[in-house]
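Data first, discussion second: the structure below is written as structure tokens.
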Amino acid sequence: MAKISLIVNGNPVNANVDSRTLLVQFLRENLRLTGTHVGCDTSQCGACVVHLDGKAVKSCTTLAVMADGHEVRTIEGLAADGAPLHPMQEAFREHHGLQCGFCTPGMIMTAVDLVNRKGHDLSDHVIREELEGNLCRCTGYQNIVTSIAAGAKAMAKSA
Amino acid sequence: MYEFKYHRPATVRQAANLLVKNEDAKVIAGGHTLVPVMKQRLASPPHLVDLSHIEGLDTIEMKGRSLVIGATAKHASVATSPIVGEAIPALAELAGGIGDPAVRHKGTIGGSLANNDPTADYPAAVLALGATIVTNKRRLKAEEFFQGLFSTALENDEIITKVMFPLPKKAAYIKFRNQASRYALVGVFVAKRPSDVRVAVTGAGSDGVFRATAFEEALKKRFSHKVLDGVSASAEGLNSDLHGSAEYRAHLIGVLTRRAVEAATAK
């Protein structure tokens, strides 16, 4: 067992974990933050994307012990319970950027990271390139791309 | 995944000592190759030595006339580094095309080289640019470092600390992606160096990265895609699988070398 201390969605967390625990398992099973999903479990689909020290990573390919001493943000950390949605979440709702919703937490965490890196004025081409690591099997991506472009602009206003 | 003990050394020396003490230990940095194979139980190291918290091991800097990239520099850092962009833009582009954004936030240059995956991008750059791989024990030339599929000259307790790239006059990397995996079906890195021209090919060789000497000879006379008319790669020793035959890969080597030379001369 290994002792880990990290910040999850702004809250300090201390835990004893088996060193082979994946970050996504730790988030879902220990902390019950089930918004982060396990899709392919092979670092391809992006349903498990969270932010580690502010950068998008695949939590199914990160060991919880590797996050010791670091800061993690999950989809639950974007907007407080009962508070208005984060502008990127609101954009996905507004523009119908989801159907079944399974890939959505990963899509949104990737999208927020993308805006942090590349700004608020994103072309469809850039958005599509940047979504290389996030798979959606329902929407055909059209509305996801629209949502991200709109969410990026909305984030500029709310910042 | 089988159980293991996790170690987080603060220095390369501590990391090397852990490797000496624990013979079956494995080094981890980004973990984007090792964690998946451990999940599949294809690897079951009893000890993991995490290099990602060793200070200064991810530094990117110019030293004299060489670009020096620390072993734990992430693909995203290399892709966006103004130092790399200035010194060897082709290398920054290559790093920006590895995997996807989340993978680039974790994967490291040292990890990619130590793994020597036959479809990885970095080995082509290291071989074409004639880089030197520096470890905690010695300096290795690219051609002595790569030793076939997933194998390198690294000893059990040897750790890559940095990679030194001499600056080329011109360089470009073009890859033809497998449409599903997005890995390089074939990738060609072309470098016009002060003394010679090197063409390194990844993805195609059944023994890993290699130099396409016929193209190098032609380009030495004149660095232009026009001199490549009639030059072709042999299908011998190339991979043949459901993604493409050896002949198809040989054809791609020719096409991509031309495109890479065009891209390098256009810069």
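Chains as they are written, first to last, in my numbering: chain A, 1 to 159; chain B, 1001 to 1267. Ideal Cβ placement from N, Cα and C applies to all residues, glycine included.
| Residues that DSSP places opposite N1156 (chain B) in a beta bridge | Looking at the DSSP assignment, N1156 (chain B) forms no beta bridge with any residue, so it has no partner.
| said: Taking 6 Å as the limit between beta carbons, can you name the residues of its chain near G112 (chain A), skipping five residues before and five after? | reply: Note that residue 112 (chain A) is Val in the sequence shown, not Gly. Excluding positions up to five away in sequence, the list reads M88.
| said: If the cut-off is 8 Å on Cβ atoms, which residues from the region 1174 to 1195 of chain B count as contacting chain A, listed in chain order? | reply: Taking 8 Å as the Cβ-Cβ cut-off against chain A, the residues of the region 1174 to 1195 of chain B that qualify are R1182.
| Taking only beta-carbon atoms, is K1106 (chain B) less than 9 Å away from chain A? | Among the CB atoms of chain A, one or more fall inside 9 Å of the CB of K1106 (chain B).
| Quick one, are the C-beta atoms of N134 (chain A) and C45 (chain A) less than 9 Å apart? | The criterion of a C-beta distance shorter than 9 Å is satisfied by N134 (chain A) and C45 (chain A).
| query | Can you list the residues of chain A that S1052 (chain B) reaches, using a CB-CB cut of under 9 Å? | reply | Under the 9 Å cutoff, chain A gives M66.
| message | Do V1209 (chain B) and P1118 (chain B) have their beta-carbon atoms positioned less than 9 Å apart in this structure? | response | Their beta carbons are under 9 Å apart, which means P1118 (chain B) touches V1209 (chain B) by this criterion.
| query | beta strand (DSSP E) containing H1047 (chain B): first to last residue? | reply | Note, H1047 (chain B): beta strand (DSSP E), H1047 to D1050.
| field | Integer Cβ distance of D1024 (chain B) from H1047 (chain B), believed to fall under 8 Å | value | Right, their Cβ atoms sit about 7 Å apart.
| field | Near-chain A residues of the region 1065 to 1096 of chain B - C-beta to any C-beta below 7 Å | value | Shown here is that no member of the region 1065 to 1096 of chain B has a Cβ falling below 7 Å from a Cβ of chain A.
| Which of helix, strand or coil DSSP assigns to Y1248 (chain B) | Y1248 (chain B): helix per DSSP, three-state reduction.
| request: Could you spell out the range, first to last residue, of the beta strand (DSSP E) harbouring H51 (chain A)? | output: From DSSP, the beta strand (DSSP E) with H51 (chain A) extends over V49 to L52.
| request: Give the single residue among A:H37, A:G97 and A:K3 whose Cα lies nearest to the Cα of M66 (chain A). | output: With respect to the C-alpha of M66 (chain A), the residue from A:H37, A:G97 and A:K3 having the closest C-alpha is A:K3.
| said: Give me the residue from A:K153, A:S147 and A:R137 with the minimum Cα distance to C40 (chain A). | reply: It is A:R137.
| Quick one: is L122 (chain A) near chain B, going by C-beta distance under 9 Å? | So, not an interface residue.
| query | With C-beta atoms as the reference, is P1168 (chain B) less than 9 Å away from K1137 (chain B)? | reply | No. Outside cutoff.
| request: Please name the residue or residues paired with R1139 (chain B) in a DSSP beta bridge. | output: Bridge partners of R1139 (chain B) according to DSSP: B:V1134.
| Hey, L131 (chain A) and T110 (chain A): beta-carbon distance below 9 Å or not? | Contact annotation: L131 (chain A) and T110 (chain A) have beta-carbon atoms nearer than 9 Å.
| query | Under the rule that 16 or more other beta-carbon atoms within 10 Å means buried, what is R1139 (chain B), buried or exposed? | reply | Residue burial is scored here from C-beta neighbours: R1139 (chain B) has fewer than 16 other C-beta atoms within 10 angstroms and is therefore classed as exposed.
| task | Find out if the Cβ-Cβ distance for the pair F1165 (chain B), S1077 (chain B) is shorter than 9 Å. | result | No, these two residues do not count as a Cβ contact at 9 Å.
| request: Would you check if there are 3 or more beta carbon pairs closer than 8 Å linking the region 1249 to 1256 of chain B to the region 1226 to 1233 of chain B? | output: Yes, they touch.
| Beta-carbon neighbours of V49 (chain A), restricted to chain B and to distances below 7 Å | Against V49 (chain A), the close residues of chain B are A1102, in the order they occur along the chain (beta-carbon pairs closer than 7 Å).
| query | From P105 (chain A) to I7 (chain A), what does the alpha carbon distance come to, in whole angstroms? | reply | Going by C-alpha positions, P105 (chain A) is about 19 Å away from I7 (chain A).
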